[in-house]
Every structure is written in C-alpha cells, then in structure tokens.
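Input: a single structure, listed below in structure tokens.
Number of protein chains: 2
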Amino acid sequence: MSLGSRKQLILQAIIEDYINTAEPVGSRTVSKKYLKDISPATIRNEMADLEEMGYIEQPHTSAGRVPSDKGYRLYVDRLMEQKTIDWHDYEFIRKEFMDTVGEIDRLIKHASKLLSAMTKYASIAMAPQFKRTCLKHLQLIKVDSHNILAVIVTDAGIIKNSVIRTDSDIEVDALEKISNMLNQKLIGLSIEELVNMDITKINSGINNNEDYKQVLTKVLPELLQALRYSERAEIYSDGAANLLDLPEYSDVQKAKDFFSILDKNDILYEILKDVSEKTTVTIGKENKIHQLKDCSIITATYSYNGKVIGSIGVLGPTRMNYSKVISIVDCLTQNLNDILTKIIKT
Amino acid sequence: MSLGSRKQLILQAIIEDYINTAEPVGSRTVSKKYLKDISPATIRNEMADLEEMGYIEQPHTSAGRVPSDKGYRLYVDRLMEQKTIDWHDYEFIRKEFMDTVGEIDRLIKHASKLLSAMTKYASIAMAPQFKRTCLKHLQLIKVDSHNILAVIVTDAGIIKNSVIRTDSDIEVDALEKISNMLNQKLIGLSIEELVNMDITKINSGINNNEDYKQVLTKVLPELLQALRYSERAEIYSDGAANLLDLPEYSDVQKAKDFFSILDKNDILYEILKDVSEKTTVTIGKENKIHQLKDCSIITATYSYNGKVIGSIGVLGPTRMNYSKVISIVDCLTQNLNDILTKIIKT
DNA sequence: ATTTAGCACTCGATAGTGATGAGTGCTAAC
DNA sequence: GTTAGCACTCATCACTATCGAGTGCTAAAT
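Heads up: the sequence lines are chains R and H, in that order.
When we follow the working numbering, the leftmost residue of the first sequence carries the number 14, and every step to the right adds one.
When we follow the working numbering, the leftmost residue of the second sequence carries the number 14, and every step to the right adds one.
Shown next, in the form of structure tokens:
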C-alpha cells in the first residue's frame with residue numbers, strides 16, 4: 014500500500030495534535046481541526062490503513078490513534094516543516110551568551126540550563142573532551158618544595174592542572190629546562206596519544222644530562238597519570254523537573270525510571286560520546302539504551318576550530334515538539350561555536 | 014503538663030514506626046510492637062496529651078498519629094539513640110575514598126554521589142569556596158602573543174586558571190618579573206580580600222619601571238575580574254531519583270516542587286553557604302526556605318587545615334532516618350577531611 | 001488514682017454499579 | 001471514491017455501600 018499525499022496530511026495532523034494534547038486523536042478531531050473538507054468517515058478509512066502500515070497505533074478499541082515510533086520517524090524525516098527559530102527565542106539565546114564569561118565548562122553548563130529552560134524538556138551536555146584535543150603548551154611550576162604544578166593548555170583552549178608530588182626538591186631552573194624540553198617534544202600530540210605513550214620513548218634522546226633524566230622519570234609518570242584521571246569529560250544535566258509537568262510522567266514509576274537514568278553518568282556518556290556532527294534525532298526504540306525506549310533524544314555537537322570537542326542534547330518523550338527543539342538546538346550550538354571561537358581566540 | 018518518661022517512650026515509638034512505615038501510627042500498634050505491657054487505652058490517653066503538647070498530629074479523626082516538626086526536633090535532640098555507623102557502611106566509605114584520586118571538585122562530586130547512594134535520599138554538596146582561601150602562589154604564563162594564563166594556587170590546594178587576553182605582546186621576562194612582584198605583594202591575602210582590593214594600591218610602590226606599570230594596569234584588572242567570576246563555588250546534587258521511591262512523593266506535584274528546587278543553584282547555595290561546623294539537622298518549617306517546609310536537611314562541613322572550605326548535605330522528608338543519616342554524614346566528612354589533608358599535603 | 005475494657009462513632013479506603021460519551025468499524029446510500 | 005448512519009466497545013466518572021482502623025468517652029477494675 015502506498016502512502017498517498019492525503020494519508021500524509023492525516024498522519025501529520027494526528028502527530029501534531031498528539032504533540033500538543035497528549036491525547037489519542039480521533040477521526041472527528043482531525044476532520045474538524047485540520048482537514049475540514051474531508052469527512053470523519055473517510056479519515057477513519059485512511060487511519061485504518063495508516064495503522065496497518067504501522068505509522069499509528071490504537072491504545073485500545075474506541076480510543077483515537079497515537080503515533081508510533083515509525084510514524085514519528087516519517088514525520089521528522091519528511092513531513093515536519095523545518096521551522097526556523099522564532100525571533101524571540103533567537104534574541105534570548107543571543108543575549109544569554111553575550112553576557113557569558115568565564116571558563117568553558119561553566120559556559121557549557123550554562124548552555125545546558127538554557128536548553129532545558131527553552132525547550133521545557135531535560136537537557137544533557139558534555140564538557141569538552143580533553144582527550145581529543147592537542148597539547149599546545151605545557152608548563153611545570155614549582156609551588157613549594159614538594160609540589161609541582163603542571164598546567165596544560167590545549168588547542169581547544171581547555172586548561173587543566175594537576176599537582177604532582179615529589180620527594181626530592183627540584184630546582185626552579187631545572188624545572189624550567191624540563192618544561193622546555195617536554196614542550197619541544199610533546200606539543201601537537203593529542204592527549205589521547207600522550208597518555209598512551211611509552212615513557213621511555215619520551216625520555217630517550219631528549220638530553221643526556223643525568224640530573225634531568227632522574228627528575229623526568231619521577232615527574233613524567235605522575236603527569237601522565239594525572240592526565241588519565243581527567244580524561245573523561247564532565248557531564249551535566251538540567252531541567253529534569255520539567256518532565257514532571259508532562260502527562261507521560263504523571264505515573265511516578267515512569268518518572269523514577271527516567272530520573273534514575275539522568276543520575277547515571279555512564280549512560281549519559283554513552284548517549285553523548287559518539288554524536289554525529291549534524292543535529293540528530295533518535296526516536297523511542299531506535300535508542301540503544303533500552304530504558305529510553307519511550308524517549309526521544311536530539312543531539313548536536315559544538316566545535317572549536319572545526320574540530321568537534323563536545324556535545325549537547327535534549328531528552329523528552331517521543332511526543333516531543335521536534336521542530337521547535339531542533340531549531341533551538343541548532344541556534345544554540347551555532348552561538349556556542351561562535352562564542353568559543355571568540356573566547357579562545359588565539 | 015510535663016513530659017513524663019512514659020510519654021517519651023510512646024513518642025519515640027510513634028516516630029520510629031512512622032519513619033519505617035510512613036503510615037499514621039495507632040495506639041494498638043504502639044502497644045503491640047513497642048510497649049507490650051501498656052494497654053492501647055492508656056496509650057490513647059497519653060497520645061491525646063502528646064497531641065495537646067504539639068508533638069504529634071492527627072491527619073484526620075479515626076487515623077493514627079503522625080509526628081510534628083516539634084516532635085521530630087525533640088526526638089533528634091533527646092530521644093534518638095546516637096547510632097554509630099555500622100561496620101559495613103564504614104568499610105564501604107573507607108574503601109570508596111581510598112580509590113579516589115584526582116581533582117578536589119571531582120572528589121566532592123563523588124562524595125555527594127556516595128552520600129545519596131548510602132542514605133537513599135537526595136544529597137547536595139558545595140565544592141570548596143574559593144573566596145575563603147588564601148593566595149599561596151600566583152603565576153603568569155605566556156601562552157602566545159595575545160594570551161596570558163594566570164594560575165592561582167591557594168592554601169587549600171584549590172587551583173584555578175584564567176586566560177587573560179592582551180592587545181600588546183608582553184615579553185616572557187617581563188611577565189616573570191611581574192609574577193614575582195605580584196607574588197611578593199599578594200601572597201597570604203584571601204581571595205575575597207583580593208577581589209575587593211583597590212588596584213592602584215597594588216600598583217603603587219611596587220616598582221617604578223614604567224614598562225611594568227603599563228603591563229600591570231592591563232593585566233591586573235583582568236585578573237581580578239576573572240577571579241570574581243569563579244568566586245561562587247560549584248554546587249552538585251545527586252540521588253534525587255531516590256525520593257521518588259518514598260510515598261510522600263507519590264504525588265507528582267510534590268515531587269515536581271522538590272525537583273525544581275534541586276535545579277535552582279541559588280537556593281542550594283543558600284542552604285550550604287553558612288553551615289555550622291558540626292553536623293546540623295534542620296526540620297521542616299525550621300527551614301528558611303519555605304519550599305522545603307516538608308523536608309529535613311542534614312548538613313555538615315569539610316575542612317582543610319582546620320579551615321572550613323565547603324559543605325555537604327542530605328535532603329529528605331521530615332520522616333527521615335535521622336540517626337542513620339547523621340552517622341553516615343559524620344563518617345563521610347571525617348573521611349573527606351582525612352583525604353583532603355593527604356591530597357593537599359604541603 | 002491509674003489503668004483498662006467496652007462501645008459508639010468517625011471517616012478514609014475500596015469495590016461495585018450504572019451512566020456517559022468519545023471513538024471505532026461496517027454497511028449502504030450518494 | 002466518499003459519506004451518513006448505526007451498532008458496538010470501552011475508558012472514565014460519579015455515586016453508593018461496605019469495611020475497618022482508630023478514636024474518645026465512660027465505667028469498671030486494680
């Protein structure tokens with residue numbers, strides 16, 4: 014059976030009405046609110062076909078129809094009008110980001126807050142993934158006799174520090190020279206490469222001075238270890254409470270299941286780690302994480318210097334206002350990219 | 014009317030049963046489960062007195078009694094047995110912290126996660142309050158021609174960096190000298206003092222060299238501004254989903270109200286900012302934040318070097334297992350203090 | 001002077017009932 | 001191919017009756 018254009022109109026009407034009301038949509042409603050020149054009876058016939066094709070479902074006899082995952086998918090891919098963000102929202106985002114200053118992690122956190130506030134769904138965000146960036150500058154600073162501070166600047170502007178404890182008192186001069194040597198040798202490498210590097214390889218051929226070598230063998234392993242610990246990016250979520258306003262979560266058990274997921278960083282990490290560069294919609298059971306089979310996720314990435322460094326997403330029920338959320342996510346990541354370029358201007 | 018010891022026993026029984034069951038407690042239950050040698054009728058008389066005194070309440074006629082805030086307060090202050098943490102929990106905390114390495118913020122986040130997992134309530138935590146610590150080391154690093162990195166180490170081991178943009182290309186040597194000058198002048202000051210400091214005061218009398226002065230007037234304001242932005246400490250919360258298991262939040266509206274609060278960092282900040290050094294219990298309407306009038310909060314602080322640098326807390330219903338939570342919070346902050354001392358060993 | 005048994009009373013919770021109405025599928029007429 | 005008509009389904013809601021946990025009071029027992 015083919016999907017004639019009238020069937021598409023009816024499907025679109027059902028989906029949009031359901032997105033607004035969360036109530037099963039009947040043939041009468043479609044006829045009265047959306048397609049006034051088609052009678053309910055005709056629509057009923059078409060709906061029976063749409064159900065057979067798997068685009069809509071009936072919760073029970075004598076109820077209206079509800080879109081299936083497959084229906085939403087068709088809607089998102091072909092039916093939905095590509096809304097451009099409305100001016101009000103656009104200005105709001107613009108303004109919010111204009112005032113933002115400070116560290117990049119804080120910026121991402123703020124973006125996540127903004128995203129949940131504007132969409133009224135839950136948002137998640139991953140701070141820049143350190144390991145994908147490249148070393149731009151490394152500096153060892155002597156804090157006191159037993160502590161060395163390593164400061165790492167990467168090409169995405171992410172800055173990390175770690176304190177390295179040493180038994181021996183290393184002289185400031187020596188430290189500076191080691192800093193320089195390491196810089197020469199390591200700059201340009203990605204953090205991922207760096208932490209997996211063979212230490213002896215770094216050591217060899219740098220300098221034959223025994224003093225330095227001794228210090229290096231002490232400092233270097235600690236440094237790499239510290240890097241490893243900060244490898245996994247921070248994950249933020251926000252606006253979970255929004256979902257409690259939705260009828261799909263009036264059942265406390267459902268709500269609980271959802272909230273439990275938001276508390277599990279490893280699951281959120283799974284969602285965000287391998288995100289396609291363009292805005293992506295994942296609907297219901299399409300999701301690999303089975304606990305999210307009643308949710309849809311919209312994800313996008315943000316980049317600096319053409320390099321993807323992190324991602325951000327919106328979680329909501331499959332009955333999500335896809336066009337609105339997509340437009341907001343797009344606008345937000347665009348602004349994020351702009352401001353990142355500005356902040357980390359080199 | 015005085016609170017005889019039998020009344021106390023009955024009150025204690027009512028509270029402990031209510032903590033376990035969340036159901037109003039009747040005279041029969043008290044007699045059967047707790048005070049077998051007193052008849053229900055006698056207990057009824059005593060309960061009438063306890064109600065008159067305001068320690069318990071009746072949701073409606075023909076229901077059992079429920080503790081009031083005042084009742085819980087008496088229980089916490091005088092009736093409750095001071096439980097020492099059970100060995101299993103103790104070992105668990107000990108072990109969790111043993112394996113923890115990395116940045117201090119991450120440690121606090123982990124502590125919060127642990128706290129909610131063990132208590133089955135929601136937890137909140139404030140990362141070290143930067144502003145209360147004192148400057149120990151300041152270093153300016155030249156990243157490239159337009160960016161200077163300021164690294165700040167404080168006496169509590171907290172490390173912050175901020176990138177300062179400059180129009181003019183400052184030479185490495187000059188930067189180092191400025192670093193040294195600033196160090197001499199500023200070390201020992203608290204960050205709070207520092208950000209409120211008059212810039213001209215710092216400038217004056219350092220060095221008459223015009224070159225440096227020029228640089229200083231550019232760098233210093235930016236530095237102080239950057240410090241101001243990171244002044245407010247990060248706040249984490251965890252385990253909110255736990256509360257959805259409790260019958261008091263089977264009403265979605267109540268749950269929503271609670272979750273909304275957890276999303277508002279300024280409210281959490283209010284809760285955590287002025288916390289007494291010893292573990293504190295705040296019950297129901299005792300709380301300044303009226304949205305939390307049905308909640309109890311248990312807060313405690315963690316310190317480094319005898320100086321309180323942050324706080325941590327548990328949020329739950331007034332029907333909270335006070336003795337258990339207190340013992341866990343105490344044990345956890347103790348371990349936190351220990352490990353902080355170890356990590357930031359100077 | 002307490003304590004306790006007995007009893008009438010209150011009131012929320014639960015289950016059963018019937019009416020209502022939104023929505024369907026089918027049939028026959030347009 | 002489209003639509004009006006109609007019998008049928010089934011969730012929802014309001015109403016009612018019943019049940020039982022728990023109370024307060026009174027009078028008897030200790």
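We treat Cβ as the ideally placed atom computed from N, Cα and C, and that holds for glycine.
Could you tell me the boundaries of the beta strand (DSSP E) in which residue i lies?
{"i": "residue 317 of chain R", "result": "308-317"}
{"i": "residue 249 of chain R", "result": "248-251"}
{"i": "residue 150 of chain R", "result": "148-157"}
{"i": "residue 138 of chain R", "result": "135-139"}
{"i": "residue 167 of chain H", "result": "160-167"}
{"i": "residue 328 of chain R", "result": "320-330"}
{"i": "residue 172 of chain R", "result": "172-178"}
Below 7 Å CB to CB, which residues in the same chain sit around residue i once its five sequence neighbours on both sides are set aside?
{"i": "residue 26 of chain H", "result": "43, 47 and 48"}
{"i": "residue 321 of chain H", "result": "290 and 314"}
{"i": "residue 51 of chain R", "result": "44"}
{"i": "residue 129 of chain H", "result": "135, 136, 251, 252 and 255"}
What is the rounded straight-line gap between the Cα of residue i and the Cα of residue j?
{"i": "residue 363 of chain R", "j": "residue 67 of chain R", "result": "The shown model of chain R, from 14 to 359, leaves out residue 363 of chain R, and the question about it has no answer."}
{"i": "residue 230 of chain H", "j": "residue 161 of chain H", "result": "14 Å"}
{"i": "residue 243 of chain R", "j": "residue 354 of chain H", "result": "21 Å"}
{"i": "residue 176 of chain R", "j": "residue 275 of chain H", "result": "32 Å"}
{"i": "residue 226 of chain H", "j": "residue 232 of chain H", "result": "10 Å"}
{"i": "residue 34 of chain R", "j": "residue 256 of chain H", "result": "29 Å"}
{"i": "residue 174 of chain H", "j": "residue 135 of chain H", "result": "31 Å"}
{"i": "residue 107 of chain H", "j": "residue 55 of chain H", "result": "47 Å"}
{"i": "residue 16 of chain R", "j": "residue 327 of chain R", "result": "31 Å"}
{"i": "residue 317 of chain R", "j": "residue 163 of chain H", "result": "22 Å"}
{"i": "residue 303 of chain H", "j": "residue 121 of chain H", "result": "27 Å"}
{"i": "residue 90 of chain R", "j": "residue 336 of chain R", "result": "11 Å"}
{"i": "residue 183 of chain R", "j": "residue 191 of chain R", "result": "11 Å"}
{"i": "residue 349 of chain R", "j": "residue 30 of chain H", "result": "53 Å"}
{"i": "residue 178 of chain H", "j": "residue 209 of chain H", "result": "21 Å"}
{"i": "residue 228 of chain R", "j": "residue 151 of chain R", "result": "16 Å"}
{"i": "residue 74 of chain R", "j": "residue 73 of chain H", "result": "42 Å"}
{"i": "residue 213 of chain H", "j": "residue 116 of chain H", "result": "35 Å"}
{"i": "residue 103 of chain H", "j": "residue 118 of chain H", "result": "23 Å"}
{"i": "residue 157 of chain H", "j": "residue 193 of chain R", "result": "15 Å"}
Within a Cβ cutoff of 6 Å, which residues of the same chain sit near residue i, ignoring the five residues on either side of it in sequence?
{"i": "residue 172 of chain H", "result": "166"}
{"i": "residue 70 of chain R", "result": "79 and 81"}
{"i": "residue 333 of chain H", "result": "309"}
{"i": "residue 188 of chain R", "result": "153 and 155"}
Kindly list the residues whose CB is nearer than 8 Å to the CB of residue i, restricted to its own chain and excluding five residues on each side of it in sequence; keep chain order.
{"i": "residue 248 of chain H", "result": "137, 138, 139, 140, 278, 281, 282 and 285"}
{"i": "residue 203 of chain H", "result": "144, 145, 146, 147 and 148"}
{"i": "residue 105 of chain H", "result": "131"}
{"i": "residue 371 of chain H", "result": "Here chain H comprises residues numbered 14 to 359, so residue 371 of chain H is not present and cannot be evaluated."}
Buried or exposed, going by whether 16 or more other CB atoms sit within 10 Å of the CB of residue i?
{"i": "residue 359 of chain R", "result": "With a pLDDT of 44 at residue 359 of chain R, under the threshold of 50, the modelled position of this residue cannot be trusted; read the value that follows with caution. Exposed."}
{"i": "residue 142 of chain R", "result": "buried"}
{"i": "residue 329 of chain R", "result": "buried"}
{"i": "residue 168 of chain H", "result": "buried"}
{"i": "residue 154 of chain H", "result": "buried"}
{"i": "residue 266 of chain H", "result": "exposed"}
{"i": "residue 185 of chain R", "result": "exposed"}
{"i": "residue 76 of chain R", "result": "exposed"}
{"i": "residue 36 of chain R", "result": "exposed"}
{"i": "residue 319 of chain H", "result": "exposed"}
{"i": "residue 324 of chain H", "result": "buried"}
Which first and last residues belong to the alpha helix (DSSP H) in which residue i is found?
{"i": "residue 208 of chain H", "result": "204-208"}
{"i": "residue 84 of chain H", "result": "82-87"}
{"i": "residue 295 of chain H", "result": "Unbroken run through residue 295 of chain H is the beta strand (DSSP E), 293-296; no alpha helix (DSSP H)."}
{"i": "residue 23 of chain H", "result": "18-34"}
{"i": "residue 279 of chain H", "result": "278-286"}
{"i": "residue 53 of chain R", "result": "53-65"}
{"i": "residue 128 of chain H", "result": "117-132"}
{"i": "residue 75 of chain H", "result": "Premise fails: residue 75 of chain H is in no alpha helix (DSSP H) and is neither H nor E."}
{"i": "residue 105 of chain R", "result": "100-111"}
{"i": "residue 93 of chain H", "result": "Run containing residue 93 of chain H: none; DSSP gives neither H nor E here."}
| Is the number of C-beta pairs between the segment 301-311 of chain H and the segment 265-284 of chain H that are closer than 8 Å three or more? | Inter-segment contact for the segment 301-311 of chain H and the segment 265-284 of chain H is present: three or more beta-carbon pairs are separated by less than 8 Å.
| request: Could you tell me whether the segment 89-100 of chain H touches the segment 331-348 of chain H, where touching means 3 or more Cβ pairs closer than 8 Å? | output: Here the segment 89-100 of chain H lies against the segment 331-348 of chain H, with 3 or more beta-carbon pairs under 8 Å apart.
| Contact the segment 18-36 of chain R vs the segment 50-64 of chain R: 3+ CB pairs below 8 Å | Three or more Cβ pairs drawn from the segment 18-36 of chain R and the segment 50-64 of chain R lie within less than 8 Å of each other, which places the two stretches in contact.
| Do the segment 83-94 of chain H and the segment 291-306 of chain H make contact, defined as three or more Cβ pairs closer than 8 Å? | Contact between the segment 83-94 of chain H and the segment 291-306 of chain H is present, because at least three Cβ pairs lie under 8 Å.
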